[in-house]
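Residue numbers (full-length UniProt numbering): 1 to 223.
Glycine included, every Cβ here is placed at the ideal spot set by N, Cα and C.
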C-alpha cells in the first residue's frame with residue numbers, strides 16, 4: 001500500500017526511504033513545537049554593550065536556568081544564531097540578566113528585544129526611559145570573601161556601563177564561563193559575580209512568563 005502511495009505521488013522506489021524520513025521529520029518538528037508551547041518559562045532580558053559603551057545590545061530569552069550555587073553561582077541560557085547580540089557578548093564577556101516583572105510595559109519591551117517590532121527597531125531608543133546605567137557597582141561584603149576580589153573588581157570596572165532595566169525585580173551581573181555550540185544555537189554558561197536584588201522585597205510583584213505564544217503574569221498560589 002505504501003509503495004503504491006509513493007507511485008501515485010510520482011516518487012521512485014529508490015526515493016521512498018528519503019521521502020518517509022522527510023515526512024517523519026516534519027511531523028516530529030510540528031508536534032514538538034506544539035508541545036513546547038504548553039511549557040511555561042520565565043522571560044528575561046539580557047543586556048550588554050560594547051567595550052566603548054556605544055553599542056548597547058540585548059535579547060529576550062526564555063531559557064534562563066539556575067545551574068549551580070556552589071562553589072560559585074552559575075546560570076545558563078541559549079540563543080539562536082546568527083545573533084548580533086552574541087557577537088557583542090563574545091567581545092565583552094560581561095553582561096546583565098534582567099529578571100523582569102509581569103507588566104504590560106515590560107511585555108512590550110521584551111517583545112521589542114525579541115524582534116517583534118521589526119529588526120530595525122532599537123529597544124534602547126524606543127524604550128529609553130525604561131533603562132538606567134548604574135553609576136557605580138561595588139561588591140557586597142560577602143562577595144569579597146566568596147570570590148577572587150582582585151578579579152571581581154576588574155569585572156566591576158568593566159560592567160559599569162551596561163544598561164539595565166529600571167523596574168527589574170533583580171539584575172544578575174555575569175561573566176562568561178563556557179559556550180557550547182549545538183546545531184543553530186549557543187548554550188552559554190556564566191558566573192554570577194554580583195546581584196542587585198533591590199526590588200526583590202516586593203512580594204506582590206510576579207515575573208513575566210511566556211507560554212502558548214503569549215506573555216503572562218504569574219497567577220495565584222494553588223491551595
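With a CB to CB cut of under 8 Å and the five nearest residues on each side skipped, what residues in its chain are close to residue i?
{"i": "residue 164", "result": "47, 96, 98, 131, 132, 133, 134, 171 and 196"}
{"i": "residue 37", "result": "211, 212 and 213"}
{"i": "residue 86", "result": "79 and 186"}
{"i": "residue 68", "result": "74"}
{"i": "residue 55", "result": "49 and 88"}
Could you please give the first and the last residue of the uninterrupted beta strand (DSSP E) stretch that includes residue i?
{"i": "residue 177", "result": "170-182"}
{"i": "residue 124", "result": "Unbroken run through residue 124 is the alpha helix (DSSP H), 123-126; no beta strand (DSSP E)."}
{"i": "residue 216", "result": "214-217"}
{"i": "residue 65", "result": "65-68"}
{"i": "residue 226", "result": "Outside the displayed span of the chain (1 to 223) sits residue 226, for which this structure offers no information."}
Which of helix, strand or coil does DSSP assign to residue i?
{"i": "residue 186", "result": "strand"}
{"i": "residue 41", "result": "strand"}
{"i": "residue 223", "result": "coil"}
{"i": "residue 52", "result": "coil"}
{"i": "residue 196", "result": "strand"}
{"i": "residue 96", "result": "strand"}
{"i": "residue 78", "result": "strand"}
{"i": "residue 162", "result": "coil"}
{"i": "residue 101", "result": "strand"}
{"i": "residue 132", "result": "strand"}
{"i": "residue 85", "result": "helix"}
{"i": "residue 60", "result": "strand"}
{"i": "residue 72", "result": "coil"}
{"i": "residue 203", "result": "coil"}
{"i": "residue 149", "result": "For residue 149, the predicted model reports a pLDDT of 44, less than 50, meaning its position is unreliable and no value from the coordinates is stated."}
In its own chain, which residues sit with a C-beta less than 6 Å from the C-beta of residue i, not counting the 5 before and 5 after it?
{"i": "residue 145", "result": "Its pLDDT being 46, under 50, residue 145 is placed unreliably in this model, and the value from its coordinates should be taken loosely. Cβ within range, chain order: n/a, list empty."}
{"i": "residue 180", "result": "187"}
{"i": "residue 206", "result": "102, 217 and 218"}
By alpha-carbon positions, which one of the options ends up nearest to residue i?
{"i": "residue 93", "options": "36, 31, 57 and 32", "result": "57"}
{"i": "residue 194", "options": "218, 187, 73 and 34", "result": "73"}
{"i": "residue 75", "options": "205, 181 and 176", "result": "176"}
{"i": "residue 237", "options": "105, 120, 118 and 117", "result": "Residue 237 is absent from the model: the chain starts at 1 and stops at 223."}
{"i": "residue 161", "options": "167, 173, 169 and 168", "result": "173"}
{"i": "residue 102", "options": "220, 184, 223 and 216", "result": "216"}
{"i": "residue 41", "options": "51, 53 and 66", "result": "66"}
{"i": "residue 208", "options": "52, 108 and 53", "result": "108"}
{"i": "residue 77", "options": "219, 59, 223 and 117", "result": "59"}
{"i": "residue 178", "options": "90, 31 and 35", "result": "90"}
{"i": "residue 159", "options": "119, 39, 30 and 53", "result": "53"}
{"i": "residue 252", "options": "223, 169, 182 and 222", "result": "This structure leaves residue 252 out entirely; the chain is present only between 1 and 223."}
CB-CB under 7 Å to residue i, same chain, minus the five flanking residues each way: which ones, in chain order?
{"i": "residue 44", "result": "61, 64, 97, 98, 99 and 100"}
{"i": "residue 27", "result": "none"}
{"i": "residue 184", "result": "80 and 81"}
{"i": "residue 121", "result": "112"}
{"i": "residue 117", "result": "111"}
{"i": "residue 123", "result": "58, 109, 112 and 113"}
Say whether chain C places a C-beta atom closer than 8 Å to the C-beta of residue i.
{"i": "residue 66", "result": "Among the chains of the structure shown, chain C does not appear; only one protein chain is present."}
Review point. Do the segment 102-121 and the segment 177-191 touch if we need at least three Cβ pairs shorter than 8 Å?
Key: no
Practice item. Taking 8 Å as the threshold, find out whether the segment 119-127 comes into contact with the segment 200-207 through three or more Cβ pairs. Key: no
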